[in-house]
Every structure is written in C-alpha cells, then in structure tokens.
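Protein sequence lines correspond, in order, to chains A and B.
Each step along the first sequence adds one to the number in the numbering used here, with nothing skipped, and position 130 is 130.
Each step along the second sequence adds one to the number in the numbering used here, with nothing skipped, and position 129 is 129.
Here a beta-carbon is modelled for each residue, glycine too, at the ideal position from N, C-alpha and C.
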Amino acid sequence: MIPFVLMAFTAGLLIGLSRQLNGRLSLSTSAMEASFWNHIVGAIFLTLAAFALGGLFEGDLENIPLWAYLGGPIGVIFIAASSWLITRIGAVSTTMLIIAGQMIFGILLDMIRGVPGDLTIRILGTALILGGMWLLHRPAKAAA
Amino acid sequence: MTTAPLYSLIAFLTGGLLTLMVLTNGTLAVYGTLLFSSWVPHVTGTVAALAILAVLKPKRAKPLRPPLWAYLAGVGGAFTVMLTSATVNTSLALSGTIALGLAGQVVFSLFADIRGLFGLPKKRPSARDLTALGMILSGALLLVLMGGSQ
Numbered sequence: 001m002i003p004f005v006l007m008a009f010t011a012g013l014l015i016g017l018s019r020q021l022n023g024r025l026s027l028s029t030s031a032m033e034a035s036f037w038n039h040i041v042g043a044i045f046l047t048l049a050a051f052a053l054g055g056l057f058e059g060d061l062e063n064i065p066l067w068a069y070l071g072g073p074i075g076v077i078f079i080a081a082s083s084w085l086i087t088r089i090g091a092v093s094t095t096m097l098i099i100a101g102q103m104i105f106g107i108l109l110d111m112i113r114g115v116p117g118d119l120t121i122r123i124l125g126t127a128l129i130l131g132g133m134w135l136l137h138r139p140a141k142a143a144a
Numbered sequence: 001m002t003t004a005p006l007y008s009l010i011a012f013l014t015g016g017l018l019t020l021m022v023l024t025n026g027t028l029a030v031y032g033t034l035l036f037s038s039w040v041p042h043v044t045g046t047v048a049a050l051a052i053l054a055v056l057k058p059k060r061a062k063p064l065r066p067p068l069w070a071y072l073a074g075v076g077g078a079f080t081v082m083l084t085s086a087t088v089n090t091s092l093a094l095s096g097t098i099a100l101g102l103a104g105q106v107v108f109s110l111f112a113d114i115r116g117l118f119g120l121p122k123k124r125p126s127a128r129d130l131t132a133l134g135m136i137l138s139g140a141l142l143l144v145l146m147g148g149s150q
C-alpha cells in the first residue's frame, strides 16, 4: 500500500515540476511555445513507452466519440495558460486556483450530467474553495 | 502575494479546462488503454500547438536559448500518467489517486515558491495565503473523498 501512496503523491510532485519547467521555458520563449514543447516531448516519450510496453491500440477504438479527441487542443490552451500564470502569480496561487476551478467546474458538470453525490458535502466543499479564493486575492493592507 | 482578480479568474477558468480534459481523456480510457488515453491528447495537442504557433507567430521573449532541462516538462507529464494509471487500479482507486496527487502538487508548489525553483521568482507565502491554501485543499479533498464522484 505504501509504495502506491508514494507513487500517487509523486505523480502530484511531477505535475508541479512540469508546471515549473514549462513556466521557465515560457520566460525564454512564449507560453504557447512552451506548450508545444511540452506536448511534443510528451508525445515522443509516450510513443517510446508504447513500443516498450505494447498494447497502445488495444480496445474498442472505432467507437470512441469524436469529442473525446478534443482533450489535446484543450490541453494546449491549458499548458499555455498555466505557464503564463505561474511566472506572474507564482506556483502556489496558480496551483490553488487551478484546483479550485477544476473542482467547482467538476461539481457543475456532475450536476448537469446527473451524477449522484452528497449535496451537503458538495455545498460545504464549494464554500470552502470559494472562501479560500476570496482570501487569496484580498488586498494585503485591507482592514481586518 | 495577493493575486489580482483578473489573474484569479483566468486561473480559475484554466482549472475548468482541466475538468473538460478529465472528461475527454477519461472517455478515451473507457474505450482504449490508459497509455492510449494520454498518447492521443499529446499527439493531437502537438498538431494543434503547431497550428496555433503558425498562425500567431508569438515573439520569443529573449534571444538567449533556454536551458535544455526546461524542455523536459513533457517527460514529467508522461510519467505522471504511468504512475496514476498504476495506482488507480489499487485500493487507492481514483479518489485516493486524485487526493494524493493534489497533496503532491501543493507540497511542490510551496517548495517551488519559497526557493524560487528552476529560475522562477521567489515568493514567500503569507499566513493568509496558507489559510487560503488550507481552505481550498480541504474543500477539494472533501469533494474528492466524500462527494461521491469526480
């Protein structure tokens, strides 16, 4: 169990590391160019991994809905935007606000699609996230 | 280290893009392997990024070449998929994998800002920033671990 806990935690560390490196690359190039390099390097690495591990094209690939292929272009905007943000507001704010957006849009999407869930937990979680966001950009010298 | 509202809004909407990617890439994983569900968006993303670069032709910020290690972010992203696709099938499941992933991101971002890792500016989080971080993280963990979905 502990190795898996460490693996899942390391995955989060690597997301942070990638965001930091993309941000650094965007300082010398542009946010969009950083996003391009992120994608092509990842694509090459995953292609090599597919050769080593096999099984890339297994499954029921003919029946994939076309909209499911939009994740790539959306990801390009996502990486460009987060590279642009991290050089301006720092890693902590970028990370926290992206998590906030992901969670709240996730709740909205779940509710639209009728995914069952505990309403009290949803309201409490959303309130904590919105409260944290409000705190994050309150002016430093504002009267308490 | 307060954040201007415009940046907050952009970062918040950027997080919404991630929700859409979880949906699209998760759907790919229903029909194909987890490797396939990460390989496809990297390949189509490369093509999309090339097209956008060809149209917008953004200027390079500096004539100096960036350090070579700055190009390696994509490897980190690819490794992330391998790790999470392994842990998602254990008793951690998707919720445990996401929760630990959030914790990893937060720890890294704190360390990155305090030390100014990899050539980005140093920022010391204030007590208020840390309170905000605690609230957003606990709200997110509550939704992931007890919300019954995500």
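| Item | Value |
| --- | --- |
| Any chain B beta carbon closer than 7 angstroms to Met111 (chain A) | no |
| Beta carbon proximity, Ile15 (chain A) to chain B, threshold 7 angstroms | yes |
| The stretch 98-109 of chain B: positions lying closer than 9 angstroms to chain A by Cβ | Ile98, Ala99, Leu100, Gly101, Leu102, Ala103, Gly104, Gln105, Val106, Val107, Phe108, Ser109 |
| Host alpha helix (DSSP H) of Thr90 (chain B) (start-end) | Counting along the chain, Thr90 (chain B) falls outside any alpha helix (DSSP H), and DSSP gives it neither H nor E. |
| Which listed residue (B:Leu20, B:Thr97, B:Val81) has its alpha carbon closest to that of Val88 (chain B) | B:Thr97 |
| heavy atom of the ligand GDP below 6 angstroms from Tyr31 (chain B) C-beta | The ligand GDP is not among the ligands present in this structure, which contains no ligands whatsoever. |
| The stretch 38-53 of chain A / the stretch 53-66 of chain B touching (three or more Cβ pairs under 8 angstroms) | no |
| Buried or exposed (CB count within 10 angstroms, at least 16 for buried), Gly114 (chain A) | exposed |
| Within chain B, the residues that Phe51 (chain A) reaches when beta carbons sit closer than 9 angstroms | Per Cβ cutoff of 9 angstroms: no residues; Phe51 (chain A) is ~11 angstroms from chain B at best. |
| Beta-carbon spacing of Leu128 (chain A), Ser138 (chain B) below 7 angstroms | yes |
| Three-state secondary structure assigned by DSSP to Gly119 (chain B) | helix |
| Sufficient close CB pairs (3 or more, under 8 angstroms) joining the stretch 34-45 of chain A to the stretch 71-85 of chain A | yes |
| Secondary structure of Gly71 (chain A), DSSP reduced to three states | helix |
| Where Gly125 (chain A) falls: helix, strand or coil (DSSP) | helix |
| Residue-level contact to chain A via CB, Asn89 (chain B), 7 angstroms cutoff | no |
| Assumed close pair Thr10 (chain A), Leu83 (chain B) - CB separation to whole angstroms, cut-off 8 angstroms | 6 angstroms |
| Simplified DSSP assignment, three categories, for Gly106 (chain A) | helix |
| Proximity of Leu14 (chain A) and Leu35 (chain B) at Cβ, strictly below 7 angstroms | no |
| Integer Cβ distance of Gly77 (chain B) from Ser30 (chain A), believed to fall under 8 angstroms | Actually they do not touch by this definition, with Cβ atoms about 19 angstroms apart. |
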